[in-house]
Amino acid sequence: MRLTKQRQVILEQLRMTKSHPTAIEVYDRVREIIPNISLGTVYRNLDVLCRQGTISRIDTCGDQKRFDGTPEDHLHLICSGCGRVQDVESELDINVDNLMNIDSEFTITGVRIEIMGVCPACSTDRKNQAGTN
Ligand SMILES: [Zn+2]
Ligand SMILES: [Zn+2]
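Under the numbering used here, think of the first position of the sequence shown as 2, with each following residue one higher.
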């Protein structure tokens, strides 16, 4: 019962933001509602929600894993400089039918594509560094 309530709050907090927060950022938000919750509990519940397919986990290479409460399929832009994650708002035509030809015993249910790039803030940093060197 208590676990279910905690999980509900974690999910609500994750759905309230589009920033794709890390577990620690989720923890900071949830703590404002459930002050005595532990970071371990947040990690465990995020893990369960991921396995249920309710939320998704984004691996940003080296950075901490980030979490996404948006249940619909969508693409991500990931900054290779700071690990920031942004949703791609424009429609992109990806042919999922081709995936059905993959030689595997898996039943293919979907595809996740992550687009790497450099965000405006990081690209400004790079230009400034190039200018001073
Ligand atoms: Zn960046
Ligand atoms: Zn997203």
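Ideal Cβ placement from N, Cα and C applies to all residues, glycine included.
Note that the structure is a prediction, hence the values are computed from the model and not measured.
Could you tell me if the beta carbon of arginine 32 falls within a distance shorter than 6 angstroms of some heavy atom in ligand 1?
On the sequence shown, residue 32 is found 31 positions in, with the first residue counted as 1. Not so, every heavy atom of ligand 1 lies at least 6 angstroms from the Cβ.
Hey, could you find the ends of the alpha helix (DSSP H) aspartate 48 is sitting in?
One-based indexing of the sequence shown puts residue 48 at position 47. Unbroken alpha helix (DSSP H) run through aspartate 48: 40-53.
By the DSSP assignment, the alpha helix (DSSP H) with glutamate 26 in it spans what residues?
Position 25 of the sequence shown holds residue 26. From DSSP, the alpha helix (DSSP H) with glutamate 26 extends over 24-32.
Give the DSSP-derived three-state secondary structure of glutamate 13 in the structure shown.
Taking the sequence shown and counting its residues from 1, the one referred to as residue 13 is at position 12. It is helical.
What span of residues does the beta strand (DSSP E) with methionine 117 cover, start to end?
The count along the sequence shown starts at 1 and reaches residue 117 at position 116. First-last of the beta strand (DSSP E) with methionine 117: 115-118.
Given isoleucine 34 as reference, the closest of Arg45, Val10, Leu40 and Val49 once Cα atoms are compared:
Position 33 of the sequence shown, counting from 1, holds the residue named residue 34. Selected option, being the one with the closest Cα: Val10.
Which residue comes first and which comes last in the beta strand (DSSP E) that contains glutamine 87?
By one-based count along the sequence shown, residue 87 stands at place 86. Glutamine 87 -> beta strand (DSSP E) spans 86-88.
According to DSSP, simplified to helix, strand and coil, what is leucine 78?
Here residue 78 corresponds to residue number 77 of the sequence shown, with the count starting at 1. Leucine 78: strand per DSSP, three-state reduction.
Straight-line Cα distance separating glutamine 130 from asparagine 99
For the purposes of this step, residue 99 is taken as the residue at position 98 of the sequence shown. For the purposes of this step, residue 130 is taken as the residue at position 129 of the sequence shown. So the two alpha carbons sit approximately 43 angstroms from each other.
Going by DSSP in three states, aspartate 126 sits in which element: helix, strand or coil?
The count along the sequence shown starts at 1 and reaches residue 126 at position 125. Three-state result, aspartate 126: helix.
Taking all protein chains shown into account, decide if isoleucine 25 is buried (16 or more other Cβ within 10 angstroms of its Cβ) or exposed.
Walking along the sequence shown from the start, residue 25 turns up at place 24. Answer is exposed; the Cβ neighbour count stays below 16.
State buried or exposed for glycine 118, treating a residue as buried only when at least 16 other CB atoms are found within 10 Å of its CB.
As a working note, residue 118 is residue 117 in the sequence shown. Exposed is the call here.
Cβ of asparagine 46 within 7 angstroms of any chain C Cβ
The displayed structure is made up of one protein chain only, and chain C is not part of it.
Using 8 angstroms as the Cβ pair cut-off and three pairs as the minimum, do the stretch 91-110 and the stretch 35-51 touch?
no
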